[in-house]
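*Asks:* Counted the way the working numbering counts, the sequence shown spans residues -13 to 263.
Quick reminder that beta carbons are idealized off the backbone N, C-alpha and C, glycines included.
These figures come from a predicted structure and were not determined experimentally.
Please see the structure below; I have some questions.
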Amino acid sequence: MKILISADMEGATGVTWPADVLPGTAQWERCRAMFTSDVNAAVLGLYDGGADQVLVNEAHWTMRNLLLERLDARAEMLTGRHKSLSMVEGVQHGDVDGVAFVGYHTGAGAEGVLAHTYLANSITGVWLNGLRASEGLLNAHVVAEYGVPVILVTGDDLTCADAAAYAPDARTVAVKDHVSRYAAVCRTPARTAADIRAAAAEAVPLAVRYEPVRGGPFAVEVEFDAEHLSMAATVVPGVERCAERRIAYTSGTMYEGIRTFKAVTTVVSAAVEEQYG
């Protein structure tokens, strides 16, 4: 049995504000240890529950944040950027039985600690077939096309509530309770590590592959905080403006949908000017 961990940082223990997750800051260095603690706890729990292999896919920012030297020696880690499926890279090879979303967060425009969808700012909302979409929801649809269930989600309390919509059977662990976008009531790393390890062990029996879900077409809308960003995004084939600050596109599969979304965010990032956005 092989489990893929998709590891993001905004939903990690102790993380509450931008400096905690921005590579190169003193706070980021401090929080890397707590991020690694959460991931390592999930690794330990998955092996406790009977997993044979665990692959950790680094999914935050530069995708070079976790401390490999602190992970359980049985696990492997995929680190670095420019991967075909980004946050869930590795699920497409046919050997993954379950996926764990560790350190996840709520989507752009929603309540939640450091809530966003792919871009820290600029995007004010993403909708998939009319539903507001977090990264968890988008990635859950991607892995479903490979017949792989989401078995564990960790993050703040609102992230756990969000997971109920896309992975109702998954085990969830709230490592902190939302107060505002930049504030939370946090548990200590020792407590969250124990909670994550226990939940991960309980989640392993849920790792049962099923027939791939072909749920398309997928209609995606993305709203930005500035008009020129929607215009910039239309250089991506198939993307059209549907309002002054909103674009839309439709994909036959979520594989195509997430790759188009990645292209849109890459173009929009390059169109953001300092100070004015």
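#1: If contact is defined by three or more beta carbon pairs under 8 Å, each pair taking one atom from either stretch, is the region 145 to 154 in contact with the region 76 to 93?
#2: Whether or not the region 221 to 238 and the region 68 to 82 are in contact is what I'm after, with contact meaning three or more pairs of Cβ atoms, one per stretch, closer than 8 Å; do they touch?
#3: Return helix, strand or coil for K69, following the three-state DSSP convention.
#4: With W14 as the anchor, note down where its alpha helix (DSSP H) starts and where it stops.
#5: What span of residues does the beta strand (DSSP E) with L124 cover, start to end?
#6: So the beta strand (DSSP E) T140 belongs to, where does it begin and stop?
#7: N125: buried (16+ other C-beta within 10 angstroms of its C-beta) or exposed?
#8: On the CB-based measure, 16 or more other CB atoms within 10 Å of its CB, does H102 come out buried or exposed?
#9: What does the Cβ neighbour count give for L54, buried or exposed, with the cut at 16 atoms within 10 Å?
#10: Can you give me the start and stop residues for the beta strand (DSSP E) that M63 sits inside?
#11: Since L41 sits in a beta bridge, which residues does DSSP pair it with?
#12: Give every residue of the same chain whose Cβ lies closer than 6 Å to the Cβ of L100, excluding the five residues on either side of it in the sequence, and list them in chain order.
#13: Can you find the residues in the same chain that come closer than 8 Å, C-beta to C-beta, to R118, ignoring five residues on each side of it along the sequence?
#14: Report the option in D(-6), V29, G31 and H79 whose CA atom is closest to the CA atom of R50.
#15: How is T178 classed by DSSP in three states: helix, strand or coil?
#16: Would DSSP call Y152 helix, strand or coil?
#17: Can the beta-carbon of A187 be found less than 7 Å from the beta-carbon of G76?
#18: When you compare the region 193 to 209 with the region 233 to 253, are there three or more beta-carbon pairs, one atom per stretch, that lie closer than 8 Å?
#19: Please go through the same chain and pick out, in chain order, the residues whose beta-carbon is closer than 8 Å to the beta-carbon of L52, but skip the five residues on each side of it.
#20: What three-state label does DSSP hand Y241 in the structure shown?
#21: According to DSSP, simplified to helix, strand and coil, what is L117?
#22: DSSP state of V159, grouped into three classes?
#23: Out of A169, I137, D83 and A59, which has the shortest C-alpha to C-alpha gap to T(-1)?
#24: Hey, how far is the Cα of L8 from the Cα of T252?
#25: In the DSSP assignment, find the beta strand (DSSP E) that holds A205 and state where it starts and stops.
#26: To which residues of the same chain is A229 closer than 6 Å at the C-beta, ignoring the five residues directly before and after it?
#27: Suppose you measure from the CA of L(-10) to the CA of L192; what does that come to, to the nearest Å?
#28: Could you have a look at E55 and say whether DSSP puts it in helix, strand or coil?
#29: Just to confirm, are V29 and A5 a CB contact at a threshold of 7 Å?
#30: Tell me the DSSP bridge mates of S166?
*Replies:* In short, the structure shows the following:
#1: yes
#2: no
#3: coil
#4: A12 to D34
#5: That residue, L124, is in no beta strand (DSSP E); its alpha helix (DSSP H) goes E121 to A130.
#6: V136 to D142
#7: buried
#8: buried
#9: exposed
#10: Residue range E62 to L64 is occupied by the beta strand (DSSP E) that includes M63.
#11: L(-10) and E62
#12: Same-chain partners within the cutoff: E(-4) and H91.
#13: The beta carbon of R118 sits closer than 8 Å to the beta carbons of G93, G95, A96, G111 and V112 from its chain, once the five residues preceding and following it are set aside; these are given in chain order.
#14: D(-6)
#15: helix
#16: helix
#17: no
#18: yes
#19: Answer for L52: A(-7), R18, F21, T22, V25, V42, E44, M63 and T65, listed in chain order.
#20: Judged by DSSP in its simplified three-state form, Y241 adopts helix.
#21: Shown here, L117 sits in a strand according to DSSP, grouped into three states.
#22: DSSP places V159 in strand when its eight states are reduced to three.
#23: Measuring from the Cα of T(-1), the nearest candidate turns out to be A169.
#24: 18 Å
#25: Note, A205: beta strand (DSSP E), F204 to F210.
#26: Excluding sequence neighbours, A229 sits near nothing in its chain.
#27: 13 Å
#28: helix
#29: Taking 7 Å as the Cβ cut-off, V29 and A5 do not qualify as a contacting pair.
#30: A169
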